[in-house]
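Using the working numbering, you'd call the opening residue of the sequence shown number 5 and step up by one each time. For each residue, glycine too, the CB sits at the ideal point set by N, CA and C. Please read all numbers here as calculations on a predicted model, not as lab measurements. Accompanying notes for the structure given below.
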Amino acid sequence: MQNQIRDQALALAAVFQAALLVDRLANTGAVPNENLKALVRSLFEFDPQSTEEVFGGEQDYRFGLSLGINALKDIFIRKRRGPKYGDAVTYVIGLLHLENVLRNNKTMLDLLGTRLRAVQQQMPAEGFTDDSTLAAIASSYQETLSTLKFRIQVRGDARFLRDPEVANKVRAALLAGVRAALLWHQVGGRRWQLPFYRKRIVEALQTLA
């Protein structure tokens, strides 16, 4: 059971990190490359053997998902919330909702898988955060999740939100956040559990970093 809770904590940390990156991109136009890379690479792990492998293995996720892990520790252990995570928490709720819609739309889920495999085949040597890769991921998001009635409304500085490269990173982070939410559900994560499993989640978080 504890291993399952640990997997859930790791996947939820990735959801939070996606939300944090969206918030930072919208307000500053920049995020640490390794934190974005950790999420983007998860989109191309089609047959992982473990939750850790989705994010590059234990060595990589401890660094790559550090923002999300620390955010969960702030919320679940240090009990710090407030304006620091205001918009990010709103995005997390939106990502979990989008995951639920996508999970029940097999046609869209299959289309996304097909699109991402095509992106992977065209990926340049520079890898996951190359501009062309991010643009292709953003296009996949626009052609699928952006067509749904429910959309995540990103708030921030219009100068950054109008920048095509920033917009591509925002959409890539959103898609990775939905993928992490799918993973969270696959390993048994449910929203109703969060208040009741707080102690177990706290224990799991202590092992993540």
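Where GLY117 and THR111 are concerned, what is the direct C-alpha to C-alpha distance, given to the nearest angstrom? 10 Å
Could you check the C-alpha separation between ASP91 and SER143 for me, to the nearest Å? 24 Å
Do the region 91-100 and the region 6-22 make contact, defined as three or more Cβ pairs closer than 8 Å? yes
Could you work out which residue in ARG82, LEU14 and VAL123 is closest to SER70 when comparing CA atoms only? LEU14
Roughly how many angstroms separate the alpha carbons of PRO235 and SER46, rounded to a whole number? The displayed coordinates of the chain run from 5 to 213. Any statement about residue 235 would go beyond what the structure contains.
If I'm right that THR137 touches VAL123 with Cβ under 8 Å, what's the distance once you round it to whole angstroms? A Cβ-Cβ separation of about 7 Å places THR137 in contact with VAL123 under the 8 Å criterion.
Here's the rule I'm using: 16 or more other beta-carbon atoms within 10 Å means buried, otherwise exposed. How should GLN12 be labelled? buried
Quick check: what's the CA-CA separation for LYS173 versus ILE79? 25 Å
Considering only residues of the same chain and omitting the five flanking positions on each side of ARG166, which have a CB-CB separation below 8 Å? Counting only Cβ-Cβ distances below 8 Å, and skipping sequence neighbours, we find nothing.
Measuring only from the beta carbon, is LEU152 closer than 7 Å to any heavy atom that is part of the ligand SAH? Of ligands this structure carries none, so the ligand SAH is not represented either.
List the whole-angstrom C-beta distance separating ILE253 from ARG204, where the pair is believed to meet the contact cut-off of C-beta under 8 Å. Given that the chain is displayed from residue 5 to residue 213, the structure contains no residue 253 and the question cannot be resolved.
From which residue to which residue does the alpha helix (DSSP H) around PHE164 run? Per DSSP, PHE164 belongs to the alpha helix (DSSP H) from 162-165.
Does DSSP put PRO168 in a helix, in a strand, or in coil? Under the three-state reduction of DSSP output, PRO168 falls in the helix class.
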